[in-house]
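Here is the structure we will look at, set down as C-alpha cells.
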Amino acid sequence: MAHPTEDKNFRLPTAVRPHRYAATLTLDLDAKSFSGQQTIEVELAEPTREIILHAIALKLGEVSFRSGNARHQPTSIRPVEVSETVVLSFDAPLPKGPATLELGWTGSFTDGLRGLYLAGKVAATQFEAADARRVFPCFDEPAFKAKWSLSVRVPEGLAVLGNGPIVKEEKDGALTKVTFQETEVLSSYLVALVVGPLVGTPAQLVGGVPVRTWSLKEKEHLTRFGQDVALAVLPLLQDYFGLPYAFTKLDQVGIPDFEAGAMENAGLITYREVTLLLDPATAPLSVQKRVAEVVTHELAHQWFGNWVTMVWWDDLWLNEAFATWMAFKIVDQWRPEWRMWLDFDSHRTSALYLDALKSTHPIHGEVRNAGEAGESFDAITYEKGGAVLRMIEGFLGEGPFRDGIRLYMRKHARANAVKEDLWNALGAAAKQPVEELATAWVGQSGFPLVTAHVEGREVALSQQRFYSEPGVESGEKWPVPMVLRYEDASGVREQRVLFRDKQATVKLEGTGAVKWLCANAGSTGFYRMAYDKASLAGLASNLQVLAPSERIALLEDQWALVRSGRGSVADLLDLAARFGNEEDDSVLDELVGRLAYVENRLVDGEDQARVRAWVEKLLSPGLKKLGWQAASGESDRVKLRRSALVRAVGGLARSPEALAEARPRVARMLQGERDALEPNLLDVAVAMVARAGDSALFDTFLQKVPKEPDPATQRRYLMALTAFEDPALAERAQGLLFSETVKTQDVASFVTGLLANRTGRDAWWAQMRKQWKDVVARTGGAPMLVRRIVESLGMLRTREHLEAVKALLRDNPVSDANQATAQTLERLSQDVELRERCGPEVSAWLKRQP
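For the sequence shown, the positions run 0 to 849 when numbering that gives the first Met the number 0 is used.
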C-alpha cells in the first residue's frame, strides 16, 4: 500500500505540532552550502510511530526524539520526493504529550531565487509559499505556527539580519556567531535571513520600534525614501488596526536579485531593489508611488498574514487582497495629492481582464498543494480581492468595516483564521448580512455585465456574467452594490442600490429630466457597464462633469464590449475622438493604452500609419501647448499630463518631431545633465530613442546596465536594449538573454520586451521555440518568473503565431504554469479573433476621417 506522503497533495497530520524551533545554521558562502542543528519542541496529541516533516534536498544526520527522560532513535529516515517530506519511523509508539525532536542536517544553496540563495554578494532566503523546507527540516504549512530562536555562523565582517534583533554576537573559531531574539509565533514561510556586505540607515523609532533600511554600500544614497515611507505609514497602520506593531524591530532590505516585488517576512522585509531604492530627485513619480505602495503593502502584512495567518493557501487572499487594498488606502491618506485610487483602478483592470476568461478562478479556490499555491499569486487574488474588499467597505461604511477588521485582529491574534472568521467579525461590527455579499464575490468566478436603460426617471437594470469571448453566456448572478450618480433639475445626485436579481427597475430620486447617468459612480464596483444608446450619448456629451475614474471606466467598459462582440470598434474610436482636450493624466494613460492596442494589434501597414497620424492630430496640440520643458513650480499633475502626451505622440504615433526633440535630450541626460529630461519623461524618451537608435547608442546602454546603481534607471536601460528596431541590433539584444547582463529576476521582462519588438519578434520567436527549455530554465525555476515567460507569449499577434504557441505548450508543458498556460492560450485566441474581426472595421473608420 502506498504511503500517504507519496501523494503530491499530501498535507501534514495535525497530531504532531511544533511550539518552538531552536536552530543554528552555519553558512559557507564560497561553497554555497550550509549545515544545521535544531531542537524542535513539539506536542503529540496521540501516540504515533511516525513523525513527518517537510524537507527538500537536505541530508539528515543524527536524529533523536526525547520525551521526559527517554530518548528514541528512528529506525528509518525516509525522504519522499513527491510530497517534499521526510518520514521518521520508530520501532515503538512515541508517547502523547510534550517532547523534543533533535536534528542535524546539511544542504546546499539553491541555484534559483528561492530557499537560501546567493544574489550577487548577498545570501538571502525566500520561503513563501513552501521553501523553508529547503533550509530547515520543519512543519512547512501556514497552520503550524511556532516560535523561532535562530543563531547563524557566518564569515566575519558581514551584516547579518534575521526576524528579530541581534541579542548576542561572538567570535566562533574563524566565524562569527550571531544569535537573534526569539520571535513571536510564526508560520515557517515568514522566517528569513539575509547575510552580506550591507549597510543600513541609522535606526529611527516609531513607538519604540527601531526602523532601518538596508542596501549594498554603493546604493546607500537610495535608501532614504523607502525609510521615510515606513516611518510615515507605520503609525497610520497601527491606528487603523488598533494594535501596535508586534515584531520588535523593522528592517527593510534591497536584494540584488529577487523573484517577487517584495516579501513580508516578520520584522525583516525583503525587496527587489527597484521596489525599495530610489533617488526622489530623479525618480519619476510613478516609481515613487510604486515604492510607497509596495512598502505599505508589506507593512500591512505584518498584521494581515503575520499576526493573523491563513490556515491554508486557499485563503491566500486573506493576506494579499487585504494588503493590496490597505496599501492604497494608507498611501492615499498619507499623500492624497497622488490620487492613489486612480492607480488602483488601473491595477484592477488587469483583474477584470483575467476574470473575463473561462479559465479564471475564484478569489477563494481549491489549492491542493504547494505548487498550486504558487499559481495563486495573480491579479485575481491581489487586485480582484482588493477591489471586492473596497466594494464591501463602500457598502458597510468605513467605520463599521474598520471595526470589523479590529475585532477580527483581536479575536485571532497570534493564530490562524479562515474567511468565515472574517465575515463573522465584519457582520458583528456592521450588523449587516456580510456573508451573502462576500460569499458571492469571493467564492464565485467572474463578474457581471450590468446593463442600464433609462426611461424618464426609471432605470431598468439587468445582469449577466461577462465573458470576453463573443457568444459565451451563463446564468450566474451577484448581489451588486451599485452607486448611481446622475444629474437632473436639482443638480448632481447619488443613489445606492443593492442589485440582487437578474433584472430590476430603480426609480431615481429627485425631479426633472435626467441629463446623464453613471451607474458605477467613482468606478468602485467590480463590474462592467453597458448603457442604452441614448444614455451612452448623454455620458459622451458630458465628459467634463464625470470624475476621472468614471471617464476611465467609460473607455474601459466600451473596450470590453468591443472585445466581447457586444460593441463596435468604430463607436469606441468615435468616443475616443472626444478626448482630444483631456487634461487628466490618468484618463490620458487609459486613452493611450486603448489606442496603442488598436495600432499594435489590430492593423498593419498603411492602416497602422493612419492610426498614428490620427493620434498625432488628436493629441499633439496638447503637447505643443505644454512643451517638453517643465516650468518652475509646475504641479505633478501637469508633469504627468506631459508624460502621457509624449507617450501618445512620441511613443504611439511615432512623431518625427517628437523623436527629434527627444534625441538630444536623451544624449544630454546620458552625459550626466540632470535637467535635460524631466524625470517623468525618462521612460518614454529613452524607449522611443532606443527604438530608432544606432549601434553606438546600443553600446552606451549595454555598458551602463551593470554599472548603474539606481535600480529603476538600470531597468530602464536594460529594457531599452530590447527596443532597438535595427534588425542587427535586435539580434544582438536577443543574444544577451543568456548573459550576465540579464539578472534572473529580469528574464521574463526581457523576453517580453524581445517579443514586443516589431522587427525582431519573428526571429526571436523562431529562436525561442528552438531553445524553449533553456529559456524556461533561465528563470532558475522561480515559479512566478516561469509563469511570466508563458504569459509573454501573449505578445504574439497572428493565427499562425497562435497555432505555433499551442503546439509549443502542448509538446513542452510547463508544470508550474498550468493555469498561466490555459489563460495565455485563451487570451491569445481572443486577441487573434479580435484582430480578424475588427481590423477591417478599423480600416474603414480610418478612411472616413478627414
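Using N, Cα and C, we set each Cβ at its ideal position, and we do this for glycine too.
Inset, instruction - Could you have a look at GLY403 and say whether DSSP puts it in helix, strand or coil? - result: Looking at GLY403 - three-state DSSP - the assignment turns out to be helix.
Inset, instruction - Would you kindly work out how many angstroms separate the C-alpha atoms of VAL151 and ASP745, rounded to a whole number? - result: Spanning the two alpha carbons is a distance of roughly 30 Å.
Legend entry - Residues near ASP584 in its chain [Cβ-Cβ closer than 6 Å; skip 5 each side]: For ASP584, where only same-chain residues beyond five positions count, the Cβ hits under 6 Å are LEU639, ARG640 and ALA643.
Legend entry - ALA439 versus ASP227 - alpha carbon distance: Their backbone Cα atoms lie some 40 Å apart in a straight line.
Inset, instruction - Could you please give the first and the last residue of the uninterrupted beta strand (DSSP E) stretch that includes LEU754? - result: Going by DSSP, LEU754 is part of no beta strand (DSSP E) but of the alpha helix (DSSP H) stretching over 746–755.
Legend entry - Terminal residues of the alpha helix (DSSP H) in which ASP584 lies: Counting along the chain, the alpha helix (DSSP H) containing ASP584 begins and ends at 584–596.
Inset, instruction - State whether the region 480–491 contacts the region 503–518, with contact taken as three or more CB pairs (one from each stretch) at a distance under 8 Å. - result: With the cut-off at 8 Å, the region 480–491 and the region 503–518 touch.
Inset, instruction - Could you tell me the distance, in whole angstroms, from the CA atom of MET0 to the CA atom of ASN8? - result: Residue placement at MET0 is poorly supported in this model, since its pLDDT is 46, which falls under 50; the coordinates still yield a value, given next. Straight-line measurement puts the Cα of ASN8 at about 17 Å from the Cα of MET0.
Inset, instruction - Please specify which runs of the beta strand (DSSP E), each continuous and at least 3 residues long, are wholly inside the region 254–323, giving them in chain order. - result: Qualifying beta strand (DSSP E) stretches, in chain order: 267–271.
Inset, instruction - Report yes or no: do the region 107–119 and the region 59–72 share at least 3 C-beta pairs separated by less than 8 Å? - result: These segments do not touch.
Inset, instruction - Would you check if there are 3 or more beta carbon pairs closer than 8 Å linking the region 555–571 to the region 827–838? - result: By the Cβ criterion, the region 555–571 is in contact with the region 827–838, since at least three pairs of Cβ atoms, one from each stretch, lie closer than 8 Å.
Inset, instruction - Leaving aside the five residues before and after MET325 along the sequence, list all residues of the same chain whose C-beta is less than 6 Å from its C-beta, in chain order. - result: Closer than 6 Å at the Cβ level, and outside the excluded window around MET325, lie ALA299.
Legend entry - Residues near GLY119 by beta carbon distance below 6 Å, same chain, minus five either side: Cβ neighbours of GLY119 beyond the five flanking positions: PRO255.
Inset, instruction - Examine the Cβ distances between the region 237–244 and the region 199–211 and report whether three or more of them are shorter than 8 Å. - result: The region 237–244, when compared against the region 199–211, does touch it at the 8 Å Cβ threshold.
Inset, instruction - Run the CB neighbour count on VAL81, radius 10 Å, all protein chains shown included, and call it buried at 16 or more, exposed below. - result: So VAL81 counts as exposed.
Legend entry - DSSP bridge partner residues for SER107 (one or two, in chain order): Beta-bridge pairing links SER107 to SER32.
Inset, instruction - Only counting runs of 4 or more residues, tell me where the alpha helix (DSSP H) segments fall wholly within the region 756–829, in order along the chain. - result: List check, alpha helix (DSSP H) in window: 760–769, 771–776, 782–791 and 798–810.
Inset, instruction - Output yes or no for whether 8 Å exceeds the beta carbon distance between LEU833 and VAL610. - result: For the pair LEU833 and VAL610, the CB atoms are not nearer than the 8 Å cut-off.
Inset, instruction - Quick one: give me the first and last residue of the alpha helix (DSSP H) that TRP422 is part of. - result: Element bounds for TRP422: 418–429.
Inset, instruction - Tell me, to the nearest whole angstrom, how far the beta carbon of ALA659 is from that of VAL685; I am working on the premise that it is less than 8 Å. - result: No, ALA659 and VAL685 are not in contact; Cβ-Cβ is about 16 Å, not under 8 Å.
Legend entry - Residue interval of the alpha helix (DSSP H) (run including THR438): Run containing THR438: 433–442, per the alpha helix (DSSP H) assignment.
Inset, instruction - Reducing DSSP to helix, strand and coil, say where TYR188 ends up. - result: Helix.
Inset, instruction - Below 8 Å CB to CB, which residues in the same chain sit around MET46 once its five sequence neighbours on both sides are set aside? - result: The amino acid at residue 46 is misidentified as Met; the sequence shows Pro. Result list for PRO46: PRO92, LEU93, PRO94 and LYS95, in chain order.
Legend entry - Check whether LEU696 and VAL704 have beta carbons under 8 Å apart: Between LEU696 and VAL704, the gap from beta carbon to beta carbon reaches 8 Å or more.
Legend entry - Pair within 8 Å by beta-carbon distance, ALA128 and GLY373: Cβ distance < 8 Å, so ALA128 and GLY373 count as in contact.
Inset, instruction - Check the C-beta distance from ILE51 over to LEU11 and give it rounded, since I have them as a contact under 8 Å. - result: Right, the Cβ-Cβ distance comes to about 6 Å (below 8 Å), so this counts as a contact.
Inset, instruction - List the residues that DSSP assigns as beta-bridge partners of LYS170. - result: Residue pairing for LYS170: DSSP places it in a beta bridge opposite THR175.
Legend entry - Distance CB(PRO478)-CB(GLN463) smaller than 8 Å: Contact flag unset, no.
Inset, instruction - Would you please state the rounded distance, in angstroms, between the beta carbons of LEU617 and ALA576? I believe it to be under 8 Å. - result: Contact flag correct, Cβ pair sits at about 7 Å.
Inset, instruction - Could you please give the first and the last residue of the uninterrupted beta strand (DSSP E) stretch that includes GLU656? - result: For GLU656, no beta strand (DSSP E) segment is defined; the enclosing uninterrupted segment is the alpha helix (DSSP H) at 655–669.
Inset, instruction - Determine the extent of the alpha helix (DSSP H) in which LYS703 is found, giving its start and end residues. - result: Run containing LYS703: 694–703, per the alpha helix (DSSP H) assignment.
Legend entry - Residue span of the alpha helix (DSSP H) that contains PHE343, given as start and end: Membership of PHE343 in the alpha helix (DSSP H) is indicated by the continuous run 339–354.
Legend entry - Stretch-stretch touch, CB-based, cutoff 8 Å, three pairs: the region 344–353 with the region 414–426: Result no; under three Cβ-Cβ pairs closer than 8 Å.
Inset, instruction - Please state if the CB of GLY403 and the CB of LEU388 are separated by a distance shorter than 8 Å. - result: Inclusion of LEU388 and GLY403 in the CB contact set at 8 Å is not warranted, their separation being larger than that value.
Legend entry - Length of the line joining the Cα atoms of PRO361 and GLU605: Each residue's alpha carbon lies about 43 Å from the other.
Inset, instruction - For ASP603, name the three-state secondary structure that DSSP assigns. - result: If DSSP states are grouped into helix, strand and coil, ASP603 belongs with coil.
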